[in-house]
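In order, the protein sequences belong to chains W and R. With the first letter of the first sequence counted as 1, position 296 gets the number 761 in my numbering; the numbers rise by one all the way through. With the first letter of the second sequence counted as 1, position 106 gets the number 107 in my numbering; the numbers rise by one all the way through.
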Amino acid sequence: MLGTIFRRLVHMVAVLFGISVLVFLIFFATPGANPAARIAGKNASPQTIARVEQQFGLNRPLPVQYGLMMKKIFITRNLTSYVNLGEKVVPQVFRAAPVTLSLVGGAAVIWILFAVVIGAAAAAFRNTWIDRLLMVLSLIGISMPVFWVGTMANLFTQGIWHHTLLFSWVPPLGYIDFSKSPFGWFKALIIPWITLAILYIGLYARVLRAALIETMQEDFIRTARAKGLTERQVLLRHALRCSLVSVVTLFGLDFGVLVGGGALLTEVVFGLQGVGYLTYQALETLDLPMIMATVIYASVFVVVSNAVVDILYAAFDPRMRLRR
Amino acid sequence: MSALLDVTDLAVSFRTRDGLVRAVDGVSLAVAEREILGVVGESGSGKSLTVLAVLDLIGDPNAVITGSIRFRGQELVGQAPETLRRLRGGAIAMIFQDPMTALTPVFSIGAQIAEQIRVHTDLSRRAAKARAVELLDAVGLPDPARIAARYPMELSGGQRQRAVIAMALSCNPALLLADEPTTALDVTVQAQILELIRKLRDDFNSAVILITHNLGVVAETADRVAVMYSGRIVESAMTADLFADPRHPYTWGLLGSMPALDGVRRERLATIPGLPPALDRRPAGCAFAPRCGFVRDVCRVAPPPLAGADHAVACVIPEGERGSARAGVLAA
Chain W
466 MLGTIFRRLV
476 HMVAVLFGIS
486 VLVFLIFFAT
496 PGANPAARIA
506 GKNASPQTIA
516 RVEQQFGLNR
526 PLPVQYGLMM
536 KKIFITRNLT
546 SYVNLGEKVV
556 PQVFRAAPVT
566 LSLVGGAAVI
576 WILFAVVIGA
586 AAAAFRNTWI
596 DRLLMVLSLI
606 GISMPVFWVG
616 TMANLFTQGI
626 WHHTLLFSWV
636 PPLGYIDFSK
646 SPFGWFKALI
656 IPWITLAILY
666 IGLYARVLRA
676 ALIETMQEDF
686 IRTARAKGLT
696 ERQVLLRHAL
706 RCSLVSVVTL
716 FGLDFGVLVG
726 GGALLTEVVF
736 GLQGVGYLTY
746 QALETLDLPM
756 IMATVIYASV
766 FVVVSNAVVD
776 ILYAAFDPRM
786 RLRR
Chain R
2 MSALLDVTDL
12 AVSFRTRDGL
22 VRAVDGVSLA
32 VAEREILGVV
42 GESGSGKSLT
52 VLAVLDLIGD
62 PNAVITGSIR
72 FRGQELVGQA
82 PETLRRLRGG
92 AIAMIFQDPM
102 TALTPVFSIG
112 AQIAEQIRVH
122 TDLSRRAAKA
132 RAVELLDAVG
142 LPDPARIAAR
152 YPMELSGGQR
162 QRAVIAMALS
172 CNPALLLADE
182 PTTALDVTVQ
192 AQILELIRKL
202 RDDFNSAVIL
212 ITHNLGVVAE
222 TADRVAVMYS
232 GRIVESAMTA
242 DLFADPRHPY
252 TWGLLGSMPA
262 LDGVRRERLA
272 TIPGLPPALD
282 RRPAGCAFAP
292 RCGFVRDVCR
302 VAPPPLAGAD
312 HAVACVIPEG
322 ERGSARAGVL
332 AA
């Protein structure tokens with residue numbers, strides 16, 4: 466187990482290095498584009514461009530440029546934006562990261578919990594009205610666009626029903642820091658969590674149901690029944706444990722994508738200044754240093770969450786531990 | 002003495018679009034305490050379904066079980082699921098054909114055995130684990146404590162089958178249903194597993210129903226044999242009698258298709274011409290009639306009843322003619 470974790474961490478560092486090189490090359494070595502002009506922003510004066518060239522070492526060889534860039538992002542963390550003059554980029558990413566992590570982490574807890582319950586219930590009551598109802602609800606959940614759900618949620622909780630007893634507790638849009646007020650943090654995020662989770666609840670419940678039904682055909686399920694286990698023990702212990710692998714796989718991908726900025730729509734709708742929101746703003750103003758920093762940090766989140774999921778995998782399934 | 006298990010006129014049918022198809026068609030058999038009964042037949046003869054029906058483990062919502070299955074006098078057909086569940090793994094245990102897929106891949110061997118023990122007894126977790134290690138030792142696995150901590154994929158096929166047997170024995174079953182327990186194993190391992198099953202009767206006082214398509218396995222292991230063909234028992238006798246005096250043409254065919262280990266080796270193994278009938282196209286008479294070399298008109302009318310007390314056979318060939326007919330099939 467420890468060996469698996471160590472291998473996975475080494476692997477992770479290698480992947481991160483590869484990503485940073487690729488991202489760097491896309492921004493700085495694309496033929497025909499002048500990185501200095503792009504960093505300096507729209508309508509920059511020749512003096513500014515010259516200063517950028519000097520600051521980023523753009524007249525020196527590429528490996529040196531790469532080193533300087535990484536130093537600015539990871540070590541001195543003084544990469545500055547030329548669009549919002551003087552604004553340091555990295556601290557902004559660090560301010561945004563907890564917002565996104567809170568949003569996605571909370572939503573993940575909700576969606577995994579609900580998906581497991583719904584998926585297991587649908588599989589247990591396979592082909593009955595319960596199964597059909599749950600699957601139709603899941604499909605509806607998958608089909609509803611997150612920005613629409615978010616807007617509707619805002620309309621009701623912030624607008625027309627805000628003054629009823631039901632939603633008067635909902636704070637105004639925006640993020641409340643956990644360290645300031647844990648309960649406020651929870652209240653500010655619960656509706657964004659549910660909004661973001663709905664899609665994934667539907668998706669995961671359907672995937673889990675299918676995996677469970679497939680697993681229930683396996684020989685070892687018959688053995689489990691022959692041992693005298695109750696039908697519930699067979700489903701929840703033997704089948705669910707084996708079927709969770711497919712859910713964990715999905716989770717690694719989805720969680721990484723969301724933490725890396727994929728929760729953009731939810732963040733914008735609820736006014737949460739997360740990583741996605743930051744990237745979105747940077748793209749709008751063509752703020753290259755900001756884009757660079759968010760992309761690199763987002764990839765760090767994606768790769769780290771993938772590594773965590775792989776380690777979870779090994780905890781879940783001895784087959785994964787023994788391979789390699 | 003009444004039998005431990007008494008199956009009477011058991012039928013397993015499946016609901017299909019074309020109506021009910023009978024996969025097991027009127028099987029009757031009895032197993033006494035500590036007896037090893039071999040059930041022989043080819044794929045699709047209904048031998049597995051017969052034993053799965055005992056514990057209602059067929060697992061197909063379209064399967065219909067009729068007839069009577071009495072275990073220690075208690076009727077099992079139509080019994081409440083909870084009653085059957087308590088019997089499963091307790092008084093009646095089962096071993097399956099493929100040890101590779103019969104164990105849950107994500108739990109250790111010891112945990113899986115302990116789980117069954119805890120279902121049927123109120124032993125503590127630790128006591129159940131200790132008992133699991135004892136059982137692994139009893140089925141001849143070296144270093145049982147280490148094996149108990151292992152996962153199924155870390156063991157060889159023979160080791161896994163021993164583990165499966167240890168699990169089946171964990172609650173001292175009165176009856177062990179073994180569905181082709183050696184088919185998926187190497188020949189050398191097969192012999193060891195059969196030896197183990199024979200030994201079980203002495204150590205655990207279990208009766209065994211041993212399902213196989215291999216007459217050699219039966220000859221070595223079983224006290225009594227039932228030969229099944231197309232969902233029916235066609236011959237049933239003490240093992241020695243069956244091999245000394247096989248009476249049904251299908252049994253002759255099976256014996257004729259076994260390679261001889263000593264004596265004259267034939268150029269090619271004899272085969273039984275043709276195929277067993279599809280379950281929904283079983284002829285009105287004897288199911289073996291289309292492949293039988295001694296078929297008569299009466300065979301095609303109705304299936305001959307299984308007749309005879311100790312050595313029963315479902316065939317119309319009169320006793321006087323049997324010897325010469327058999328000599329024709331089994332001649333070396």
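We put the beta carbon where it would ideally sit given N, CA and C, even for glycine.
Bounding residues of the alpha helix (DSSP H) (the contiguous stretch that carries residue i)
i, result
"R:Ile110", "110-121"
"R:Phe15", "Careful: R:Phe15 lies outside any alpha helix (DSSP H), inside the beta strand (DSSP E) at 6-17."
"W:Cys707", "705-722"
"R:Ser325", "320-331"
"W:Ile666", "647-680"
"W:Leu729", "729-734"
"R:Pro153", "No alpha helix (DSSP H) contains R:Pro153, which DSSP labels as neither H nor E."
Cutoff 7 Å: residue i Cβ touching any chain W Cβ
i, result
"R:Leu177", "no"
"R:Pro277", "no"
"R:Ala103", "yes"
"R:Gln193", "no"
"R:Leu58", "yes"
"R:Val120", "yes"
"R:Pro247", "no"
"R:Val107", "yes"
"R:Met95", "yes"
Whole-Å CB distance - residue i paired with residue j, under 8 Å assumed
i, j, result
"R:Leu280", "R:Val28", "Not really, about 14 Å apart at Cβ, beyond 8 Å."
"W:Gly741", "W:Leu729", "3 Å"
"W:Ser770", "W:Gly693", "The Cβ separation is near 41 Å, so there is no contact."
"R:Ala227", "R:Val40", "5 Å"
"W:Val767", "W:Val724", "7 Å"
"R:Val140", "R:Leu177", "So it is not a contact: roughly 12 Å between Cβ atoms."
"W:Gly606", "W:Ile666", "6 Å"
"W:Val564", "W:Leu737", "5 Å"
"R:Leu170", "R:Ala94", "7 Å"
Cβ of residue i within 7 Å of any chain R Cβ
i, result
"W:Tyr688", "Residue identity check: residue 688 of chain W is Thr in the sequence provided, not Tyr. Yes, W:Thr688 lies at the interface with chain R (some Cβ there is under 7 Å from its Cβ)."
"W:Leu673", "no"
"W:Pro783", "yes"
"W:Ala587", "no"
"W:Asp775", "no"
"W:Lys692", "yes"
"W:Asp596", "no"
"W:Ala780", "no"
Check: residue i C-beta below 6 Å from any heavy atom of the ligand NAP
i, result
"W:Leu474", "With respect to small molecules bound, the structure shown includes none, and the ligand NAP cannot be examined in it."
Reduced DSSP category for residue i - H, G, I as helix; E, B as strand; rest coil
i, result
"R:Ile166", "helix"
"R:Glu36", "coil"
"R:Arg161", "helix"
"R:Met95", "strand"
"R:Glu83", "helix"
"W:Val633", "The sequence shown places Ser at residue 633 of chain W, rather than the Val named in the question. In this structure, W:Ser633 counts as coil in the three-state DSSP scheme."
"R:Leu56", "coil"
"R:Arg127", "helix"
"W:Met757", "helix"
"R:Thr67", "strand"
"W:Thr616", "helix"
"R:Asp281", "helix"
"R:Ser29", "strand"
"W:Arg591", "coil"
"W:Lys553", "strand"
"W:Val478", "helix"
"R:Gly20", "strand"
"R:Val302", "coil"
"W:Gln738", "coil"
Unbroken beta strand (DSSP E) run spanning residue i, endpoints
i, result
"R:Ile336", "What the structure shows of chain R is the stretch from 2 to 333, and residue 336 of chain R is not part of that stretch, so it cannot be assessed."
"R:Thr213", "208-213"
"R:Val228", "225-230"
"R:Ala179", "176-180"
Minimum Cβ-Cβ distance from residue i to chain A less than 7 Å
i, result
"W:Phe685", "Looking at the structure shown, chain A is missing, and the protein chains on hand are W and R."
Positions along the segment 695-710 of chain W whose CB lies within less than 7 Å of some CB in chain R: Thr695, His703, Arg706, Cys707
Chain W contacts made by the segment 65-92 of chain R, where a contact means CB separation under 7 Å: Arg86, Arg87, Arg89, Gly90, Gly91
Contact residues within the segment 138-166 of chain R, judged by C-beta distance below 8 Å to chain W: Tyr152, Met154, Glu155, Val165
Residues, ordered as in the chain, of the segment 517-535 of chain W that lie near chain R by beta-carbon distance below 9 Å: none
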